[in-house]
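This report concerns only the one structure given below.
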Amino acid sequence: EADIYQTPRYLVIGTGKKITLECSQTMGHDKMYWYQQDPGMELHLIHYSYGVNSTEKGDLSSESTVSRIRTEHFPLTLESARPSHTSQYLCASSGGGREKLFFGSGTQLSVL
Amino acid sequence: AQSVTQLGSHVSVSEGALVLLRCNYSSSVPPYLFWYVQYPNQGLQLLLKYTTGATLVKGINGFEAEFKKSETSFHLTKPSAHMSDAAEYFCAVSGDTGFQKLVFGTGTRLLVSP
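As structure tokens, then:
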């Protein structure tokens, strides 16, 4: 079944740790996205990718980085986590043009 | 540039009552408009979308929305609320033609009481 997966679902980690949030999709979509969501706030696009070896920063500045080595995989990395990084991170993918986004279930990150 | 305003961070209705969630948008190009729903501890799911053509759009779970260009609105409605409709609803606009960069509103939490 075609889907988009994010792991871990919840992550609690100490300040200064390096973390990687995983995102994989089985739909063969070229375009993938990372959104950041805080309670009561709109979702903000922080990274997106047109395809393999293509990544761009989104509308909201983020200290995280992403990579796209394989079509199905779009991990997000924080080299040194801080409490200000506490948030929900949503991964999404889409087919061509202005088609709808498919979202993963999100990773709730808490940095102590 | 595109933006979305959702009026009301919380909307409370009784089961069986009309649901109305408001969304106004701003776009410098003909917009594509979306409503997404987020249930607790889940990702966003597409309810419905407007691209071109018919301005009244029907989605899943009995929801519909009407695109009104003159009012720059895309309000979401459902004639009769169910308890299972309790969730957070996000309106979004896409103005880019070559890439799906959605701009989301702040969301409206729908509360349904028995």
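Each protein sequence line maps, in turn, to chains P and V. So in this note's numbering, spot 6 of the first sequence is number 6, and the numbers just go up one at a time. So in this note's numbering, spot 70 of the second sequence is number 70, and the numbers just go up one at a time. C-beta atoms are modelled at their ideal positions from N, C-alpha and C, and glycine is treated no differently.
- Against V:Lys49, the close residues of chain P are Lys100, in the order they occur along the chain (beta-carbon pairs closer than 8 Å).
- One thing to note: V:Thr106 has its Cβ within 8 Å of the Cβ of P:Gly40.
- The alpha-carbon of P:Ser54 is positioned some 19 Å away from that of V:Leu102.
- Between the C-alpha atoms of P:Phe74 and P:Ser105 there is a straight-line separation of about 15 Å.
- Interface annotation, P:Glu63: not in contact with chain V, CB-CB separation never under 8 Å.
- Rounded to the nearest whole angstrom, the CA to CA distance from P:Ile19 to V:Glu71 is 45 Å.
- For P:Gln6 and P:Ser49, the gap between their C-alpha atoms comes out near 17 Å.
- Using a C-beta cut-off of 8 Å, the stretch 16-35 of chain V makes no contact with the stretch 59-77 of chain P, since fewer than three inter-stretch Cβ pairs fall below that distance.
- Ranked by Cα distance from P:Gly58, the first of P:Phe102, P:Gly28, P:Gln36 is P:Gln36.
- Residue nearest to P:Arg70 within the set P:Gln108, P:His29, P:Glu42 is P:His29 (criterion: CA-CA distance).
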